[in-house]
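-16 is the number of the first residue of the sequence shown in the working numbering; add one for each residue after it.
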Amino acid sequence: MSGFDLQAVNDALQGTIFHGKVQHFTTIGSTNVQALADAQAGAQSGQVYIADEQTAGRGRGGHTWHSEPDRGLYLTMLVRPALQSSDVLKLSMITALAAVEAIAEVTASRITDIRWPNDLVIGANPARKAGGILTEAVSTPSGELRHAAIGIGINLNQLEFPKELAAVATSLRRELGASVSREELAIALLSQMDKEFRQLDQNGSEVFDRMERKSTWVRGKRVHVAEEEGYTGKTAGLTTEGLLRIHCDDGTERVVRHGGVREL
């Protein structure tokens, strides 16, 4: 039985775009799927969906997201920002930036890094994944963003992972040795996201500058990229659209468009 305190979360979000709009599910297929369905039915911006467990949680590239019951924060925000469809990457980035700040606030530890564009990782060689973000957007025929479901999963209190994930995944509890409150992290994350959306309305272009400062993966990291035929090189900053530049080992420069970046 879930012990999630929905009332405490909603009460703590007074003054934000999410106040009174947080819903909680004991079990759900996918919080993103629910958000997108509600958006099609006319749901307003700022709706939040939190689940104890997802039976069909989704990650980028068609991957599934392992959602152990009550052990992680599985959350989707439904938003209707005034953006073009070409700006969707900014939504994933501000969520990653907000998550790093929220984790630092709740745990008093800055152990989380951002693997471009939307993975939360801890450590190096290898970096282990502690969270991921999936942004799914619907646009108008003219290219304006109609709505977006921004889903984030953060591993909080898992002690073990399935065999296929054991070498690449971790949780905040495994790294810090203490359990993390789902309610506290949800409040911190949504409070940070409220700030991010207000800044995005005022100056969306600075998101990429902050990503370059906050992520050690954006510049100077030796990586393998699983695009095209696969290639290796060193990360070299972001383009004006927020895509990742790579100085390749063969002397060329390429731009990563769809993730799939692994540390060497």
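Even glycine gets a Cβ: it sits at the ideal position worked out from N, Cα and C.
With respect to residue 15, residue 132 sits close: the two C-beta atoms are nearer than 9 Å. Put simply, of 10, 223, 39, 163 the residue whose alpha carbon is nearest the alpha carbon of residue 192 is 223. When secondary structure is reduced to three states using DSSP, residue 182 falls in the helix class. Using a 10 angstroms sphere on the CB of residue 241, the tally of other CB atoms stays under 16, which defines it as exposed. Annotated as distal: residue 208 and residue 217, with beta-carbon spacing of 9 Å or more.
Excluding five sequence positions before and after residue 236, the CB atoms of its chain that fall closer than 8 Å to its own CB belong to 219, 228, 229, 230, given in chain order. Straight across, the Cα-Cα distance linking residue 99 with residue 3 is about 32 Å. Take residue 60, set aside five residues on each side of it, and the residues of its chain with a beta-carbon closer than 6 Å to its own are 31, 133, in chain order. Using a Cβ distance threshold of 9 Å, residue 58 and residue 172 count as a contacting pair.
In the three-state reduction of the DSSP assignment, residue 138 falls in the strand class, which pools E and B. Residue 126 and residue 115 have their C-alpha atoms roughly 26 Å apart.
The alpha-carbon of residue 194 is positioned some 13 Å away from that of residue 95. Excluding its 5 nearest sequence neighbours in each direction, residue 144 has C-beta neighbours in its own chain below 6 Å: 152, listed in chain order. A straight-line Cα-Cα distance of about 15 Å links residue 12 and residue 56. Nearest Cα to residue 77 within the set 102, 53, 162: 102. Residue state for residue 97 is assigned as strand, using DSSP reduced to three classes.
Counting other Cβ atoms within 10 Å of its Cβ, residue 138 reaches 16 or more and is therefore classed as buried. The residue among 87, 122, 111 with its C-alpha nearest the C-alpha of residue 157 is 111.
Separation of residue 10 and residue 124 (C-alpha to C-alpha, rounded to the nearest whole angstrom) is 35 Å.
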